[in-house]
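Chemist: What follows is a single structure, and I will ask about it in a moment.
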Amino acid sequence: LVGKDYNYLEEMDDVFISVKTTRHYHKGRLPIILATWFQLAKEQTWFFTDIYDEEFQLKTHGHMINTNCSSFHDHKGLCCKMSAEFDAFINTNKKWFCHFDDDNYVNVPRLMHFLSNYSAREDWYLGKPSVLSPWEIIGKDNQKVIFSFATGGAGFCLSRALTLKMIPVAGGGKFISVGEKIGLADDMTMGYIIGRLVMTPLTAVDQFHSHLESLRIIRRERFSDQITFSYSPQDNYWNTVKIEGFHATYDPSRFLSLHCFLFPYFKFCPR
Ligand code: UDP
Ligand code: MN
Numbered sequence: 064l065v066g067k068d069y070n071y072l073e074e075m076d077d078v079f080i081s082v083k084t085t086r087h088y089h090k091g092r093l094p095i096i097l098a099t100w101f102q103l104a105k106e107q108t109w110f111f112t113d114i115y116d117e118e119f120q121l122k123t124h125g126h127m128i129n130t131n132c133s134s135f136h137d138h139k140g141l142c143c144k145m146s147a148e149f150d151a152f153i154n155t156n157k158k159w160f161c162h163f164d165d166d167n168y169v170n171v172p173r174l175m176h177f178l179s180n181y182s183a184r185e186d187w188y189l190g191k192p193s194v195l196s197p198w199e200i201i202g203k204d205n206q207k208v209i210f211s212f213a214t215g216g217a218g219f220c221l222s223r224a225l226t227l228k229m230i231p232v233a234g235g236g237k238f239i240s241v242g243e244k245i246g247l248a249d250d251m252t253m254g255y256i257i258g259r260l261v262m263t264p265l266t267a268v269d270q271f272h273s274h275l276e277s278l279r280i281i282r283r284e285r286f287s288d289q290i291t292f293s294y295s296p297q298d299n300y301w302n303t304v305k306i307e308g309f310h311a312t313y314d315p316s317r318f319l320s321l322h323c324f325l326f327p328y329f330k331f332c333p334r
């Protein structure tokens, strides 16, 4: 799957994977993650949600974290979750903090292989630049403040070194205050903190994909090189990766089919 002499399993302990979710999406979005890529990163992956859910606490082997954040899709609720994800990472000894949405598919071996090209002792903000960035806000004295941010819905990773620098401004819940002050979404707040307060540029990684992109244009020969995928139901079609496999009514997101393409030895995959 990845380079012959590279054993990603050894480096799995270095990464903390957080998935943002909400009580409204547990039943609709988590089962597909649990059936697929979660199986390759059970120990490393934590779900940040807004309720205690016995059923999924069992299904994730205790990896659901109730942030007690509001379950509204507003800046406050989302920044509150990101803040909880950030602080949870800080309290580990892991080298990499990777954030994903609950409509992401994470190609786990590829993520590990990708991170092995970077040193967590250096400052790294790795992700897919938003189509909206660079973003401009008006700061003190009507000064323009410009920064780039990685789309949260494509996933992004931060090195331990970078997160240590962020602690004074974003640690211990301060991420929420920054978000409130600038009034922006969680991924934009992250970009603002990293780009303007700790002065680290975003490194553009093309292999992270959100549903803001057309996913069907990713060629299947390239699937195994990609780090994340996503999906989104539109009015009369689904924006998904184009892959044959299970019937669309059974696998509308195409994640089951994609997973079998990447990891054909999985039990649920046709043989
Ligand atoms: N989300 C959340 N609270 C909400 C709505 C959404 O935490 O009230 C999370 C959701 O679980 C997902 C992310 O925010 O991880 C993005 O949500 P969604 O895909 O619905 O919206 P998008 O911004 O991608 O259109
Ligand atoms: Mn989404």
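Residue numbering for the sequence shown follows our numbering, beginning at 64 and increasing consecutively. Heads up, the beta-carbon is just placed ideally off N, CA and C, and yes, glycines get one too.
#1: When every heavy atom of the ligand MN is checked, does at least one fall within less than 7 Å of the C-beta of D137?
#2: Going by beta carbon distance, what residues of the same chain come within less than 8 Å of S320, once the five residues before and after it are set aside?
#3: Report back the beta-carbon spacing between S133 and C143 to the nearest angstrom; my notes put them in contact at under 8 Å.
#4: Determine the direct distance from the alpha carbon of V304 to that of S277, and round the result to whole angstroms.
#5: Figure out for me which residue from Y300, R283, N299 and D298 has the closest Cα to the Cα of F292.
#6: Restricting to runs no shorter than 3 residues, where is the beta strand (DSSP E) found entirely within the segment 258 to 328?
#7: Give the range of the alpha helix (DSSP H) segment to which T252 is assigned.
#8: Measuring CA to CA, which of Y88, T263, T266 and F119 is closest to N167?
#9: Quick one: what's got a C-beta closer than 6 Å to F111's C-beta in the same chain, skipping five residues either side?
#10: Output the distance between the C-alpha atoms of G215 and T123, rounded to the nearest integer angstrom.
#11: Could you tell me which of I245, P296, P172 and F329 sits nearest to W198, measuring between CA atoms?
#12: At the level of alpha carbons, what is the spacing between V65 and D137?
#13: Is the CB-CB distance between T99 and H272 below 8 Å?
#14: Are the beta-carbon atoms of D186 and K158 separated by less than 8 Å?
#15: Output the boundary residues of the alpha helix (DSSP H) element that contains S240.
#16: Where are the alpha helix (DSSP H) runs, 4 residues long or more, that stay fully inside the segment 100 to 173, in chain order?
#17: Going by DSSP, what residue range makes up the alpha helix (DSSP H) through L34?
#18: Taking the CB atoms as reference points, tell me whether I230 and V241 lie closer together than 8 Å.
Modeler: According to the structure data:
#1: Within the sequence shown, numbered from 1, the residue matching residue 137 stands at position 74. D137 has its Cβ no nearer than 7 Å to any heavy atom of the ligand MN.
#2: Translated into the one-based positions of the sequence shown, residue 320 becomes position 257. Around S320: I306, E307, G308, F309 and D314.
#3: Locating residue 133 in the sequence shown gives position 70, counting from the first residue. Locating residue 143 in the sequence shown gives position 80, counting from the first residue. The pair is a contact, with the Cβ atoms about 7 Å apart (cut-off 8 Å).
#4: As a working note, residue 277 is residue 214 in the sequence shown. As a working note, residue 304 is residue 241 in the sequence shown. Approximately 8 Å, taken between the alpha carbons.
#5: Here residue 292 refers to the residue found at position 229 when the sequence shown is read from its first residue. Taking only the C-alpha atoms, the option nearest F292 is R283.
#6: 291 to 293
#7: Sequence index remark: in the sequence shown, residue 252 carries index 189 (1-based). That run of the alpha helix (DSSP H) goes D249 to Y255.
#8: Taking the first residue of the sequence shown as position 1, residue 167 is located at position 104. If we check each option's Cα against that of N167, Y88 comes out closest.
#9: Here residue 111 refers to the residue found at position 48 of the sequence shown. The residues are S81, K83, I128, T130, K144, A147 and E148.
#10: Within the sequence shown, the letter at position 152 stands for residue 215. Within the sequence shown, the letter at position 60 stands for residue 123. Cα-Cα distance, rounded: 22 Å.
#11: In the sequence shown, the residue the question calls residue 198 occupies position 135. Out of I245, P296, P172 and F329, I245 has the C-alpha closest to the C-alpha of W198.
#12: As a working mapping, residue 65 is identified with position 2 in the sequence shown. As a working mapping, residue 137 is identified with position 74 in the sequence shown. Low per-residue confidence applies at V65: pLDDT is 49, beneath 50, and the placement is therefore not dependable, though the value from the model is reported in the following sentence. Distance between the alpha carbons of V65 and D137: 39 Å.
#13: Against the sequence shown, residue 99 aligns to sequence position 36. Against the sequence shown, residue 272 aligns to sequence position 209. Not closer than 8 Å, so no.
#14: For the purposes of this step, residue 186 is taken as residue 123 along the sequence shown, with counting starting at 1. For the purposes of this step, residue 158 is taken as residue 95 along the sequence shown, with counting starting at 1. Taking 8 Å as the Cβ cut-off, D186 and K158 do not qualify as a contacting pair.
#15: Looking up residue 240 in the sequence shown gives position 177. K237 to I245 is the extent of the alpha helix (DSSP H) around S240.
#16: 117 to 122 and 138 to 153
#17: Because the chain is modelled from 64 through 334, residue 34 falls outside the range shown and cannot be assessed.
#18: On the sequence shown, position 167 is the one that residue 230 refers to. On the sequence shown, position 178 is the one that residue 241 refers to. Against a cut-off of 8 Å, the Cβ pair of V241 and I230 comes out as no contact.
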